[in-house]
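Residue numbering for the sequence shown follows the working numbering, beginning at 3 and increasing consecutively. Presented below is the structure to which this report refers.
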Amino acid sequence: MRPAVFIDRDGTINEQRGYINHISRFVLLPGVGEAISLLNEYNRLVLITSNQSGVARGYFPIELVHETHDYMKRELERDNAHVDGIYFCPHHPDGEILEYKRACKCRKPGTGLIEMARAEFDIEMGRSYVIGDRWLDIVFAHNAHLPGILVLTGYGMGEREYGAPPEGIVPAYVAENLLEAVHWLLRQDTP
C-alpha cells in the first residue's frame with residue numbers, strides 16, 4: 003500500500019485561466035515539477051483529480067482534456083516528475099452535451115474520483131492528502147475523510163480572503179503553492 007496525494011489541476015498545477023479550451027492556455031505554475039518530483043521520491047502516489055465541466059458545457063471536446071493531460075505529463079518529465087493517475091469529471095447537470103449532462107458521483111466535492119483511484123491502486127488512505135485551490139477541494143477532502151491543503155495559487159487567495167469556508171470544515175494547512183504544501187505534508191509523515 004502507498005499513500006496518495008490527490009491534487010487538483012487548474013489553479014494548483016497550472017495557471018488558472020478559466021476553461022482550458024486550447025492547449026496554449028495550459029501553463030504549469032512555478033515549482034510544480036519539483037513538488038511532484040518530491041512526492042515521487044518519497045513514494046507517494048500522485049493522482050490528479052479535476053472537474054472538467056467544460057466538456058459537458060460544450061466549451062471543448064473531451065479529446066482536448068486528454069491532449070492537455072498528455073502535454074502536462076511531458077512538461078513534468080522535464081523535472082523528472084510523473085503522475086500515477088489522472089481522474090476527471092466531464093459532467094455537469096446543466097450541460098449542453100447530452101452525453102455528459104447529468105448529476106454524478108465523480109464531480110467534486112463528490113468522492114467518485116477517489117473511488118475510481120482506489121479501484122485502480124492499493125492506497126493507504128490513512129496517510130493520504132488532498133491539495134487544491136478552492137474550498138470545494140477542502141470539502142472534497144472532508145467528504146473522503148482526508149486532510150485537505152488549500153493552496154493560495156489559482157483561486158486560493160480569493161477563496162481564503164473573500165470566500166465563505168463551509169461551516170465546520172477547515173483545511174489542515176494553507177500553503178502558498180503546491181511545493182510548500184508538499185514540504186508540509188512530508189514533514190507530517192516523516193519521523
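Every residue, glycine too, gets a C-beta built ideally from N, C-alpha and C.
Between the stretch 41 to 50 and the stretch 98 to 110 there are fewer than three inter-stretch CB-CB distances shorter than 8 Å, so the stretches are not counted as touching. The three-state secondary structure of Tyr-164, taken from DSSP, is helix. Here Arg-59 carries a coil assignment [DSSP, helix/strand/coil]. In this structure the stretch 91 to 99 lies against the stretch 109 to 120, because at least three pairs of beta carbons, one per stretch, are closer than 8 Å. For Phe-8 and Asn-23, the gap between their C-alpha atoms comes out near 23 Å. Contact between the stretch 56 to 63 and the stretch 10 to 17 is not established, with fewer than three Cβ pairs separated by less than 8 Å.
Sorting Leu-187, Met-127 and Pro-95 by C-alpha distance to the C-alpha of Asn-53 places Pro-95 at the top. Beta bridge pairing from DSSP links Cys-91 with Asn-53. In the same chain as Leu-138, and ignoring 5 residues on each side of it, the C-beta atoms closer than 7 Å to its own belong to Lys-110 and Pro-111, in chain order. The three-state reading of DSSP puts Leu-148 in coil, since its state is none of H, G, I, E or B. In this structure, Gly-33 is the residue among Gly-33, Glu-163 and His-144 with its C-alpha nearest to the C-alpha of Arg-80.
Remark: C-beta atoms of Asp-135 and Gly-165 do not approach each other more closely than 7 Å. Going by beta carbons, Leu-154 and Glu-178 fall inside the 7 Å limit.
Taking a 10 Å sphere around the C-beta of Ile-50, we find 16 or more other C-beta atoms and assign the residue as buried. The C-beta distance from Gly-150 to Ile-140 rounds to 4 Å, short enough to fall under 8 Å. An exposed status is given to Pro-168, since fewer than 16 other beta-carbon atoms sit within 10 Å of its beta-carbon.
In the structure shown, Ile-22 adopts coil according to DSSP, grouped into three states.
Our two residues, Glu-77 and Gly-13, have alpha carbons roughly 16 Å apart in a direct line.
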